[in-house]
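*Asks:*
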Amino acid sequence: MLDDIRKAAAEFDAALSRATSARALDELRVRYFGRKEGLIPGFFSRLKEVAREQKKDVGDALNKLRDRLEADLKEKSDRVAAEEAARREAREQIDVTLPARMPRLGHLHPITIVRREMEQIFREMGYSIDPGLEIETDWYNFEALNFTPDHPARDTQDTFFLDVTPYLLRTHTSNVQIRSMEKYEPPVKVLSCGRVFRRDEITMRRSPMFHQAEGFLVDKGIHIGHLRATLEHVVRRLFGSDSKMRMRPSFFPFTEPSAEVDMSCIFCRGAGCGTCSQTGWMEILGCGMIHPQVLRNVGIDPEEWSGFAFGMGLDRVAMLKFDIPNIRTLFENDLRVLSQF
Ligand code: DAH
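Okay, so the sequence shown: first residue is 28 according to the working numbering, each after it adds one.
Pasting the structure below:
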């Protein structure tokens, strides 16, 4: 048996020097020290077969061998673990001085920029922001706004009708006036920005889908001076404090009186240039005092309350602000163009 023990020890040494990974070392440990079939426990259980006078020598030799092998195994395992840790660390090392790879940031669409700017201006004045509905009924888009069924003003706002009557795509954001006045008791002030649709020819300035901002306010004693002051504030905030505006009489079925607003041309500052057809002015919105019939249509007494409203093309504002000559540029999603803003 002493021979067997010596042989096992020599084999262990050879195997230990070959083992270079934690896994190989673990296999070695199982082979020699495993509870069930380990060689060392095997020797110990064979001790009872050893003749009595040899028992002490063999037992001593076995104990020594076990202690040595255990110590050798532990020493090598520790070394291999340290080496593996060092290798892992080297592999995972980060050079913190390398320049960072920056995420590619997106940016806002010009219309979103203008919409947010509008919403901010009106939020500061205490307006609620309400996007309204894009699919509407004839009542909210036309009738409640005083477009009777055969009113000629409807001709300028032909739209897309859904298969399900009476639904259509709204032609303007003015529907929000009616919806909001139904929802809230006066006093009320709301700004609504969103998409509108018309059966229009596609031209440099027209698209069958475009964007409007609608604002309106109903309170006691509201007159056209409030409207003018509000619009002057908006024009200055959007286009700079030296921007001027003027009101021209106009017609809308849902306002009386009605006006169109021009602002001083942002390119020539009023001197006259190609963009403003040498007039120094550019039209930017329609507005007026809310028609008494519109108030009556939503159950508000026009003797007690009055209000103003305005509607403005957001695409138009974006085109002016960013000097974009063709409205289609805004909707073609060409990143080479859009990334300039
Ligand atoms: N809804 C009108 C349009 O699309 C614009 C407009 C004009 C809105 C006058 C208003 C307003 O609120 O008072 O042509």
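Using N, Cα and C, we set each Cβ at its ideal position, and we do this for glycine too. Since we're looking at a predicted model, the values are computed, not measured.
Taking the C-alpha atoms as reference points, what is the distance between His318 and Arg233?
*Replies:* The straight-line gap from Cα to Cα measures roughly 28 Å.
*Asks:* For Glu259, verify whether its CB is less than 7 Å away from any heavy atom of the ligand DAH.
*Replies:* Incorrect: Glu259 has no Cβ contact closer than 7 Å to the ligand DAH.
*Asks:* Closer than 7 Å: is that where the CB of Glu241 sits relative to any heavy atom of the ligand DAH?
*Replies:* Indeed, a heavy atom of the ligand DAH lies less than 7 Å from the Cβ.
*Asks:* When the Cα atoms are used, what is the spatial distance from Glu228 to Phe169?
*Replies:* Cα-Cα distance, rounded: 21 Å.
*Asks:* Can you tell me where the alpha helix (DSSP H) with Phe266 in it begins and where it stops?
*Replies:* Per DSSP, Phe266 belongs to the alpha helix (DSSP H) from Ile251 to Phe266.
*Asks:* Rounding to the nearest angstrom, what Cα-Cα distance links Ala49 and Leu100 in this structure?
*Replies:* Using only the alpha carbons, I get a separation of about 11 Å.
*Asks:* Please classify Met231: is it buried, with 16 or more other beta-carbons within 10 angstroms of its beta-carbon, or exposed?
*Replies:* Exposed, by the Cβ-count rule.
*Asks:* Looking at the ligand DAH, does it come within less than 7 Å of Cys314, judged from the CB to the closest heavy atom?
*Replies:* Within the cutoff, so yes.
*Asks:* Kindly indicate which three-state DSSP category Gly315 falls into: helix, strand or coil?
*Replies:* If DSSP states are grouped into helix, strand and coil, Gly315 belongs with the strands.
*Asks:* Tell me the DSSP bridge mates of Gly221?
*Replies:* BP columns for Gly221 point to Gln239.
*Asks:* Near Arg225, what residues of its chain come up, given a Cβ to Cβ distance below 7 Å and the 5 sequence neighbours on each side ignored?
*Replies:* Gln184, Asp185, Thr186, Thr198 and Pro235, listed in sequence order.
*Asks:* Can you tell me which of the three DSSP states Pro284 falls into?
*Replies:* Correct three-state label for Pro284: strand.
*Asks:* Given Met274, which residues of its chain have a CB within under 6 Å of its CB, disregarding the five upstream and five downstream residues?
*Replies:* These residues qualify, in order along the chain: Ala286 and Val288.
*Asks:* Short check: CB of Lys216 to CB of Gly159, under 8 Å?
*Replies:* The answer is no: Cβ separation not under 8 Å.
*Asks:* Give the single residue among Gly307, Phe281 and Arg343 whose Cα lies nearest to the Cα of Val141.
*Replies:* The residue with the shortest Cα to Cα distance from Val141 is Arg343.
*Asks:* Could you tell me the alpha carbon to alpha carbon distance between Asn90 and Phe60, rounded to whole angstroms?
*Replies:* Spanning the two alpha carbons is a distance of roughly 13 Å.
*Asks:* Out of Thr257, Val262 and Pro214, point me to the one whose CA is closest to Lys247's CA.
*Replies:* Checking every option, the nearest Cα to that of Lys247 belongs to Pro214.
*Asks:* Could you give the C-beta distance for Arg65 and Val57, rounded to a whole number, given that I count them as a contact under 8 Å?
*Replies:* According to the sequence displayed, residue 65 carries Gly and not Arg. Correct: roughly 7 Å between the Cβ atoms.
*Asks:* Classify Trp166: buried if its beta carbon has 16 or more other beta carbons within 10 angstroms, exposed otherwise.
*Replies:* Exposed, by the Cβ-count rule.
*Asks:* In angstroms with no decimal places, state the Cα-to-Cα distance between Cys295 and Cys303.
*Replies:* Looking at the two C-alpha atoms, the distance is approximately 8 Å.
*Asks:* Excluding the 5 residues preceding and the 5 following Glu144 in the sequence, name in chain order all residues of the same chain whose CB lies nearer than 7 Å to its CB.
*Replies:* Within the same chain, Glu144 has close Cβ partners Leu265.
*Asks:* Which residues in the same chain have their Cβ closer than 8 Å to the Cβ of Asp328, if we skip the five residues on either side of it in sequence?
*Replies:* Correct list, in chain order: Leu322.
*Asks:* Can you tell me where the alpha helix (DSSP H) with Met145 in it begins and where it stops?
*Replies:* Here the alpha helix (DSSP H) through Met145 covers Pro137 to Glu151.
*Asks:* Put Ser234 into one of helix, strand or coil per three-state DSSP.
*Replies:* In this structure, Ser234 counts as coil in the three-state DSSP scheme.
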